[in-house]
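Take a look at the structure set out below.
In our numbering, the protein residues as written are 3 to 154.
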């Protein structure tokens, strides 16, 4: 009986370690795999591993953004940016939080897969104030974390 308990204990530890290495491998793949043929002026990128950061984007025309956060917090302020026709932000969150602030007149299309986490547009339903020419697509994966969209 004692050997069985010890076996199960070590098996769980090994599975957790393998899962953690898999998540870190996926994060590294996303960090190194999407930069090809992208002009630095057309994108922003934030990578956090067990840390916190705040970033204000002041691009005249926002095209692409990449946010990777593992066990940390990222705050992105887009209130001084203008979206292009195809503005996209890809998000990968593991046991962390990402908060994105956009102007009130932007239309946000949120398409995130959440596994034991949450993704929420807190001001969804501002029907009369939305400019249909200002569209921001946010897609990604949230694992045991949070992706929050705020408007000011």
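C-beta: ideal position from N, C-alpha, C; glycine also.
Fully enclosed beta strand (DSSP E) runs of no fewer than 3 residues occupy 85-96, 99-104, 109-117 of the stretch 84-122, in order along the chain. In the structure shown, the three-state DSSP call for residue 20 is helix. With a 10 Å radius around the Cβ and a threshold of 16 neighbouring Cβ atoms, residue 70 comes out buried. Selection 142, 7, 136 evaluated against residue 80 yields 136 as nearest (Cα-Cα). Checking the DSSP bridge columns, you'll see residue 14 has no partner listed. Here DSSP, grouped into helix, strand and coil, assigns residue 56 to strand. Take residue 101, set aside five residues on each side of it, and the residues of its chain with a beta-carbon closer than 6 Å to its own are 77, 150, in chain order. Less than 7 Å separates the beta-carbon of residue 143 from that of residue 94.
Shown here for residue 114: same chain residues with a beta carbon closer than 8 Å to its own, the five before and five after excluded, namely 93, 121, 140, 141, 142, 143, 144, 149 in chain order.
When the beta-carbon positions are compared, residue 98 and residue 67 stay at least 7 Å from each other. The C-alpha of residue 103 is placed about 15 Å away from the C-alpha of residue 48. Sixteen is the threshold: since fewer than 16 other Cβ atoms of the shown chains lie within 10 Å of the Cβ of residue 54, the residue is exposed.
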